[in-house]
Structure formats: structure tokens, C-alpha cells
Amino acid sequence: MREKKRERYDVVIIGGGAAGLTAAIYCGRARLNTLLIEKGLVGGLATYTNEIENFPGFPEGTTGLGLMEKFQAQAKKFGVRFKGTDVKEVNFEGEWKEVHTFRNIFESRTVIIASGGRPRTTGAIDEKNYLFDKGISFCATCDAAANEGKTVMIIGSGDAAIEEGMFLTKFAREVIVSVIHDEGKMDCNEIAKEQGLNNPKMSFVWNTMVNSFKGDGHLDTVELKNLKTGEMTNYKIDTCFEFIGYIPNTEIFKEKVTLNRQGYIPTNELMETGVPGIFAAGDVRDKELKQVATAVGDGAIAGVGAEKYIADCEVFENQIMQSEKPGFIYVYSAIDDPSRELLPMMTEIEQSYGGKVKMSVIDLYKGKRLCDRLACDIEPMTIFYTLNGKLAATETDCDRPHVEQRLNKLLAKA
Ligand SMILES: Cc1cc2nc3c(=O)[nH]c(=O)nc-3n(C[C@H](O)[C@H](O)[C@H](O)COP(=O)(O)OP(=O)(O)OC[C@H]3O[C@@H](n4cnc5c(N)ncnc54)[C@H](O)[C@@H]3O)c2cc1C
């Protein structure tokens, strides 16, 4: 097999939905060499919806596709490179993270995972025979026009199910909604519920779930099971739209970052995954509200986080772990009096060596990322000694004679 071509970037973003595109805008604008990899249509899930009414700045509403095209144009303006391919594998060990596609290995200092989710399916009998162009759709925008004057079924009662169902009533003759709950109970917001229940083209079949899908090559019947009575009923329909939630696209990240039980990636509020240099943003994250507005916020934070991480890497490699002379790194805390009071003494020690040793100082709280790179659980008043760009010793004894003794030994070895 042909060897894969290697390319290096500052940031690789996996996924070109609202989160990935926003991260790209921030990274591109910070002049980072940025690559965004998208396996499908740039814009992600937002392109599935015809109308987005709740994204700020568009009082008249906007189409998902139109909005995402603007995001992409803005990222391109800032020099972000786009690749239309599938990320197959990642390796987050080491300083240069690897992102593997069919032809390439992209090496990067940081990776932003913005791979979102995909629609969940019902698992009913013969469902897989009718997916996508054979009668089961997950995208009203894409398939509404083909259902002009026809009968369609919606599975689900969440926001997407009811809002997309209402959009479909503009085209279809009849929209039948299968709801798993008791009559009147739905998972959507109250406004959507009221509008849906009052829409003359929408009818609701309560306490039901799909038992099987039937047809001759193309779906023509959905068999619903009444969960209370066990009764089976066949509905003749032209297209069935499933809106029953999402599964995160995280298969390739298993054992590379922590995933929760549902497969989502937990992060802190800085979008850090726990693996240094790896961020997650958007629907792929374990979070409460999965929307374009929150994906945008996540993407912005992850983009800035990537920029700071790279800046810290440069400080760490070129200044703190410098290889020109023996060095010592004094870790203190601005809110810890004893450690702060030793700062002038440390400066005096450095000066007394007349330029033969180099001192670096890290504030434990402000320089948390730098401390993470040295070791975890560092206390104020810890000294790291370096020789030839490598750690030589870690000590908490900060007495002047002891520090000088250490430095003398390093100078003897240098
Ligand atoms: C029908 C519907 C209606 C909606 N309506 C609204 C609404 O009105 N308002 C609102 O705010 N939100 C709405 N949403 C939700 C909104 O679309 C999402 O919250 C948002 O798009 C999430 O963005 P994201 O970037 O996190 O993920 P996504 O948009 O899912 O993007 C992730 C991208 O990553 C790509 N990807 C995944 N794995 C890989 C891989 N291995 N290699 C390369 N690329 C990969 C995918 O192809 C995808 O394009 C709606 C969603 C749906 C489905």
C-alpha cells in the first residue's frame, strides 16, 4: 500500500458543522495554520433544517444552509484550508497529534473535535432496507419538495419532530405523527406543541412506536404498535421522517479521550477534554442544549483555547525547557505568601551565576497549563532543574544553599 502523505498544521478541526466552522474562524483569524476536515456537506446538521428562527441576528429567520455557507465563507477569508474526507483514526499521544484519513496523516499541535452527531434510528423490523432514498428520511428540508401533495409520517415528538413536521405541512397533504407518550404529552417546547396540535394537516397517533417498515423496494407502509393495547396498525405513507434523537460521532475517539456512557465527550468550560491539546466543541460534547448558538459558543472557546495552548507550547519549549544552559523553574503562587516571598531570593541566585544559569518562574494558577506539562499536583515552592532541555530533578527544598548546590552539580555536568 502507498505510504500516506504527511502534512503539519497548528490546528486540525474534525467536523465542519457550526462548531467546527466557528473554531476555524477563530483559529484562522489568529493566523494559525488551520485545517478543517469534513466528510459530508460543510455545515453539518444545521443544513438539515429549512428554517432557523432562533439564531441571533436574523429577525426574519434564515435557512440552515444559507447560514452555514456564510460561516464557511468567513473561515475561508481567514485562510483556513478545507478537506472533504473522512477521518478514520486519531493518535493523540505525543507532542504532535496525528489525524489519519485515507490518503494523509495530518500532524498537528492541537485537535478540535467537532464531529457532532447523527440521527438515531428506531431499530424496527426491516428499517435498514428503506433508509434514505428508499423512503426513510431524516431531513425535511431535503425531502419536503418530493412529498408535494403526499402523505408522510413523523416519528417523534421533540422540537425537531414537530417543527420539521409543521414545515412539511406546507408540501404534504397529510402529516401523521407517531408519539410514544400518552395523548397530549410531547417532548417539544410549548409553542411548537400548541402550533402542532392546532395544525389542521397534522394528526397524532398516541402511545405508538414503529414495529416494522414495509414496501416493495421503496417504503409504502409503516406498521405502528400501540404500546397500551399491543394492537398493530398499518399506515400507507410515501415517506417516513424519523426525529428521535442523535448518536454522537465518537467511535474513532474511543480510548483516545474520555467518553460518557452515551458516547459524548465531557469537557470543562474551556472545552478541554483532559488530553492536553485536544478540545471538543458542539453537539459531540456532553452538554445540556444542543443548538447552533451553543455550538458557536463552544467553537469560539475551543478556537481560543487552541491558540493559547500553542502559545504555551512555544514558551515551554523555547524558554522554560531551553537547552542553552542549565536552568531552574521556580513554581510559586501569587496568593501563597511564603512562596511569593522567595521570588527575590530566586532572582538573586540567578544573577549571582552571571548568566551561566537561566531561571523561569511560573505562577501555579495563571500558568496552570505550563504546570500541567511539568507534572500534576504541583505545590507552590517546587523547583524543577533542567539540563540540556530535559528535566534533571524536581525538589521542594528551596533553601538558598540547597538550590546553589544543585545548580553547581548541573554546571559540572553541562
Ligand atoms: C432537523 C434539525 C433541525 C434543527 N433546528 C435547529 C434550529 O432551528 N436552531 C438551532 O439552533 N439548532 C437546530 N438544530 C440543531 C443544530 O443543527 C445543531 O445543534 C448544530 O448544527 C450542531 O453543530 P455541530 O457543529 O456541533 O455538529 P454537526 O452540525 O453535527 O457537524 C458535525 C460535522 O462533523 C462531520 N464529521 C463527523 N465525523 C467525521 C469524521 N470522522 N471525519 C470528518 N468529518 C466528520 C459531520 O459530517 C458533520 O458535518 C437542528 C437540528 C436538526 C437535525
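Numbers in my numbering are just positions in the sequence shown, counted from 1, shifted up by 14.
Ideal Cβ positions, reconstructed from N, Cα and C, are used throughout, including at glycine.
On the criterion of 16 or more Cβ atoms from any shown chain inside 10 Å, does residue 358 qualify as buried, or is it exposed?
By the neighbour-count rule (16 or more Cβ atoms within 10 Å), residue 358 is not buried but exposed.
Assign residue 114 to one of three DSSP states: helix, strand, or coil.
Residue 114: strand per DSSP, three-state reduction.
Would you kindly check if the distance between the Cβ of residue 240 and the Cβ of residue 222 is under 8 Å?
Yes, Cβ-Cβ distance for residue 222 and residue 240 is below 8 Å.
Give the range of the beta strand (DSSP E) segment to which residue 188 is assigned.
From DSSP, the beta strand (DSSP E) with residue 188 extends over 188-192.
Using only the alpha-carbon positions, how far apart do residue 307 and residue 72 sit?
Rounded to whole angstroms, residue 307 to residue 72 spans 12 Å at the Cα level.
Mind checking residue 364: buried by the 16 CB within 10 Å criterion, or exposed?
Per the 10 Å Cβ criterion, buried.
Measure the CB-CB distance between residue 277 and residue 31 and report whether it falls below 8 Å.
It is not a contact, given that the beta carbons lie outside the stated cut-off.
Since residue 21 is in the alpha helix (DSSP H), which residue starts that stretch and which ends it?
First-last for residue 21: 19-28, but that is the beta strand (DSSP E), not the alpha helix (DSSP H).
When you compare only the Cα positions, how much space is there between residue 165 and residue 130?
If I take the Cα positions, the gap works out to 31 Å.
What are the residues that DSSP puts in a beta bridge with residue 373?
BP columns for residue 373 point to 342.
One question on the structure: do residue 25 and residue 124 come within less than 8 Å of each other, judged by their Cβ atoms?
Against a cut-off of 8 Å, the Cβ pair of residue 124 and residue 25 comes out as a contact.
Identify, in the order they occur along the chain, each residue of the same chain with its Cβ nearer than 6 Å to the Cβ of residue 194, setting aside the five sequence neighbours on each side.
Same-chain partners within the cutoff: 223.
Could you pull out every unbroken alpha helix (DSSP H) segment of at least 4 residues lying fully inside the region 249-288, listed in chain order?
Qualifying alpha helix (DSSP H) stretches: none in this window.
Taking 7 Å as the cut-off, is the beta-carbon of residue 188 closer than that to any non-hydrogen atom of ligand 1?
Because no heavy atom of ligand 1 lies under 7 Å away, the Cβ of residue 188 does not count as near it: no.
Does the Cβ of residue 351 have 16 or more other Cβ atoms within 10 Å, making it buried, or fewer, making it exposed?
Exposed.
For the region 82-92 against the region 255-274, do three or more pairs of beta-carbon atoms, one drawn from each stretch, fall closer than 8 Å, so that the two count as touching?
Short answer: they don't touch.
Report yes or no: do the region 55-72 and the region 102-116 share at least 3 C-beta pairs separated by less than 8 Å?
Taking 8 Å as the limit for Cβ pairs, the verdict is that the region 102-116 does not touch the region 55-72.
Find out if the Cβ-Cβ distance for the pair residue 51, residue 97 is shorter than 8 Å.
A contact, by the Cβ cut-off of 8 Å.
Output needed for residue 138: all residues of its chain with C-beta closer than 7 Å, excluding positions within five of it in sequence on either side, in chain order.
Closer than 7 Å at the Cβ level, and outside the excluded window around residue 138, lie 224, 225, 226 and 227.
If you measure from the CB of residue 69, is any heavy atom of ligand 1 nearer than 7 Å?
Residue 69 Cβ: within cutoff of ligand 1.
Does the Cβ-Cβ distance between residue 331 and residue 46 come in under 8 Å?
No, the Cβ-Cβ distance between residue 331 and residue 46 is not below 8 Å.
Which value, in whole angstroms, describes the spacing of the CA atoms of residue 371 and residue 319?
Whole-angstrom Cα-Cα distance: 32 Å.
Give the range of the alpha helix (DSSP H) segment to which residue 329 is assigned.
306-329 is the span of the alpha helix (DSSP H), which, as asked, contains residue 329.
For the alpha helix (DSSP H) containing residue 428, list its first residue and its last residue.
Premise fails: residue 428 is in no alpha helix (DSSP H) and is neither H nor E.
According to DSSP, is residue 195 part of a helix, a strand, or is it coil?
DSSP places residue 195 in coil when its eight states are reduced to three.
What are the residues that DSSP puts in a beta bridge with residue 96?
Note: residue 96 sits in a beta bridge opposite 50.
Among the candidates 93, 149, 100 and 385, whose CA atom is the shortest distance from the CA of residue 230?
Looking at the Cα atoms, 149 is the closest of the given residues.
By how many angstroms is the C-alpha of residue 355 removed from the C-alpha of residue 369?
Cα-Cα distance, rounded: 23 Å.
Would you tell me roughly how many angstroms separate the C-alpha atoms of residue 289 and residue 324, rounded to the nearest one?
The straight-line gap from Cα to Cα measures roughly 14 Å.
Work out the CA separation of residue 406 and residue 42 for me, nearest whole Å.
Taking the straight line joining both Cα atoms gives about 38 Å.
Since I believe residue 400 is in contact with residue 349 (beta carbons under 8 Å), could you give me their beta-carbon distance rounded to a whole number of angstroms?
About 26 Å; that fails the 8 Å criterion.
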